[in-house]
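Only one structure is covered here, and it is reproduced in the block below.
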Amino acid sequence: MNSKKKCRQYSADYIKYGFVKSPSNEQLPMCLLCEQVFSNEGMKPSRMIDHLKSRHSDKVEKDVQFFIKMRDSRKTMGGIFGKIDRQNIDGLVASYNISLLIAKSGKPHTIGENLILPAIQEAVTTVMHSDGRSVIKSIPLSNDTVARRINLMASDVEKTLYSILKTTEFSLQIDESTLPGNEALLLAYVRYILEGIMVEEMLFARPLVTDTKGESIYKVVENFFQKRKFP
């Protein structure tokens, strides 16, 4: 006696019962109406008919064209939503990249919404001969958004630098500067070796509230190091 179970194969005819290939396993049928996936043992026309009658009785009299249209509509909508999701992700990346360019240029954050987005729309419309409105809608560049993006990136850069300095030997350089209102500013730079390359980064910029004496400078540096638990 053969104890092996019969392994059924998916059939395109299952569409007339309202079933298509399961996205997770193309060998198994899935109900178009409720997305229930049948096992291999349940891959029988009689089981599918019973499912249709018991779970979707209002669709029992529908012909095969009804289910074919439903299947094709599902594919189209999946493609549309997939494209929208991809565009939203790309738009988010572009928003961060453009915000970084704005920060490096020193321009007001409003330039994103007032100049860059209109320029993108004009370029897409003129060069690519397509509607640029959908593109700029996916790239948030309002004044507040750009400021938030820059702050998040700056915070990430700080965390990365602090993490490196806690495990790497570095040298510290201190400079004093004066702001237009005769306010004293203390600038600190660090140098360290990273993967065989000499790196120089600004560590902080802090106002000297009292005076510019050595003791005051030392306290500012000491407080900074203690707060961030540098060795």
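Be aware that the sequence shown starts at 35, since it is given in the working numbering, and climbs by one per residue.
Cβ coordinates follow ideal geometry from the N, Cα and C atoms, glycine included.
Given the structure is predicted, the values throughout are model-derived calculations rather than measurements.
Contacts around residue i, its chain only, beta-carbon distance under 6 Å, and the 5 residues preceding and following it disregarded
i: residue 181; result: 143
i: residue 147; result: 175, 176
i: residue 61; result: 44
i: residue 108; result: none
C-alpha distance - residue i paired with residue j, whole-angstrom precision
i: residue 82; j: residue 49; result: 10 Å
i: residue 145; j: residue 155; result: 14 Å
i: residue 253; j: residue 236; result: 18 Å
i: residue 57; j: residue 260; result: 55 Å
i: residue 124; j: residue 187; result: 17 Å
i: residue 31; j: residue 67; result: Residue numbering for the chain in the displayed model covers 35 to 265; residue 31 lies beyond these limits and cannot be assessed.
i: residue 250; j: residue 244; result: 7 Å
i: residue 200; j: residue 163; result: 53 Å
i: residue 232; j: residue 166; result: 44 Å
i: residue 103; j: residue 76; result: 25 Å
i: residue 69; j: residue 131; result: 40 Å
i: residue 149; j: residue 189; result: 27 Å
i: residue 215; j: residue 208; result: 21 Å
i: residue 193; j: residue 100; result: 57 Å
i: residue 203; j: residue 157; result: 48 Å
i: residue 74; j: residue 84; result: 16 Å
i: residue 256; j: residue 221; result: 14 Å
i: residue 133; j: residue 59; result: 42 Å
i: residue 153; j: residue 228; result: 39 Å
i: residue 178; j: residue 159; result: 27 Å
i: residue 205; j: residue 248; result: 18 Å
Chain-order list of residues whose beta-carbon lies under 8 Å from that of residue i (same chain, five-residue window excluded)
i: residue 219; result: 210, 211, 212, 213, 239, 240, 241, 242
i: residue 234; result: 223, 224, 225
i: residue 151; result: 170, 173, 175
Cut-off 7 Å between Cβ atoms - residues of its own chain near residue i, not counting five sequence neighbours on either side
i: residue 86; result: 51, 52, 93, 94
i: residue 196; result: 262
i: residue 122; result: 172
i: residue 264; result: 199, 200
i: residue 126; result: none
i: residue 217; result: 241
i: residue 65; result: 52, 53, 85
Endpoints, alpha helix (DSSP H) assigned at residue i
i: residue 57; result: Per DSSP, residue 57 belongs to no alpha helix (DSSP H) and is neither H nor E.
i: residue 82; result: 79-89
i: residue 156; result: 151-161
i: residue 171; result: 167-171
Whole-Å CB distance - residue i paired with residue j, under 8 Å assumed
i: residue 128; j: residue 184; result: No, residue 128 and residue 184 are not in contact; Cβ-Cβ is about 15 Å, not under 8 Å.
i: residue 54; j: residue 105; result: 5 Å
i: residue 72; j: residue 79; result: About 11 Å separates the two Cβ atoms, so there is no contact after all.
Practice task
Could you name each continuous alpha helix (DSSP H) segment of 4 residues or more that falls completely within the segment 185-253, going from the start of the chain to the end?
Solution key: Counting only runs of 4 or more, we get nothing.
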